[in-house]
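In our numbering, the protein residues as written are 705 to 884.
Virtual Cβ for every residue (Gly too), placed ideally from N, Cα, C.
Treat the numbers as computed from the prediction; the structure is a model and nothing was measured.
Data block below; observations after.
Below, the structure is given as structure tokens:
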């Protein structure tokens, strides 16, 4: 039976890498549904991810195209795994504080406890190392999220340090381990 992955994309320059991630997941036989925050859509279009995933991309928690379906609830019920990649500091903070003001956070909050939940942070080193971000990550780990650690690299802002999205091979490996 085909495994269903919810790929949530939040606002980070590394959002463009989700095109390759989506493509790689499809090539491995997974069914992929993409959720995007408004900020993510500034970096990559929903259409790109729709074409690659062969599924509608969900961008607005208040849009219900099928009257007898509540997307942010039903998508979670159908999922075998949830991954937030890239996970911005903002979306991590929203999740850690139980906010559900967009498609990504509302769906994440409604996920069944049993499914694996992965986070792949991507942000500036100072943002990642900030004690508030680290506290938020710790809170999420306490409730079952698994962090895919960012790597050290030259960041888009010109700084060098930890905060770059993990390599796609690492993310794919973590997904396959979580589903095994």
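Do residue 823 and residue 868 come within 7 Å of each other at the CB atom, strictly closer than that value?
Taking the first residue of the chain shown as 1, we reach residue 868 at position 164. Taking the first residue of the chain shown as 1, we reach residue 823 at position 119. Not a contact, by the Cβ cut-off of 7 Å.
Inter-residue Cα distance where the pair is residue 948 and residue 821
Within the shown structure, residues of the chain are numbered from 705 to 884, placing residue 948 beyond reach of any answer.
According to the Cβ coordinates, are residue 856 and residue 865 closer than 7 Å?
Counting from 1 along the chain shown, the entry for residue 856 is found at position 152. Counting from 1 along the chain shown, the entry for residue 865 is found at position 161. In contact: residue 856 and residue 865 (Cβ atoms closer than 7 Å).
Return the chain-ordered list of same chain residues with a C-beta closer than 6 Å to the C-beta of residue 788, the five sequence neighbours on each side being excluded.
Counting from 1 along the chain shown, the entry for residue 788 is found at position 84. Result list for residue 788: 712, 823, in chain order.
Please confirm if the stretch 751–769 is in contact with the stretch 729–742, defined as three or more CB-CB distances below 8 Å between the two stretches.
yes
For residue 886, does the three-state DSSP call read helix, strand or coil?
Past the boundaries of the shown model lies residue 886; the chain is included only from 705 to 884, so the question cannot be answered.
Residue 726 - containing beta strand (DSSP E), residue span
Reading the chain shown from its first residue, position 22 is the one you call residue 726. Unbroken run through residue 726 is the alpha helix (DSSP H), 722–731; no beta strand (DSSP E).
Report the residue ranges of all beta strand (DSSP E) runs contained in full by the stretch 769–803; include only those spanning at least 3 residues, in chain order.
785–791
Residue 715 beta carbon less than 7 Å from that of residue 743
The sequence position of residue 743 within the chain shown is 39, counting from 1. The sequence position of residue 715 within the chain shown is 11, counting from 1. Taking 7 Å as the Cβ cut-off, residue 743 and residue 715 qualify as a contacting pair.
Taking only three categories from DSSP, how would you classify residue 934?
The question about residue 934 has no answer here: the residues shown for the chain are numbered 705 through 884.
Hey, is the stretch 804–813 in contact with the stretch 829–840, meaning 3+ C-beta pairs nearer than 8 Å?
no
Tell me whether residue 853 is buried or exposed, calling it buried when 16 or more other Cβ atoms sit within 10 Å of its Cβ.
For the purposes of this step, residue 853 is taken as residue 149 along the chain shown, with counting starting at 1. Classification of residue 853: exposed, given that the 10 Å Cβ count is below 16.
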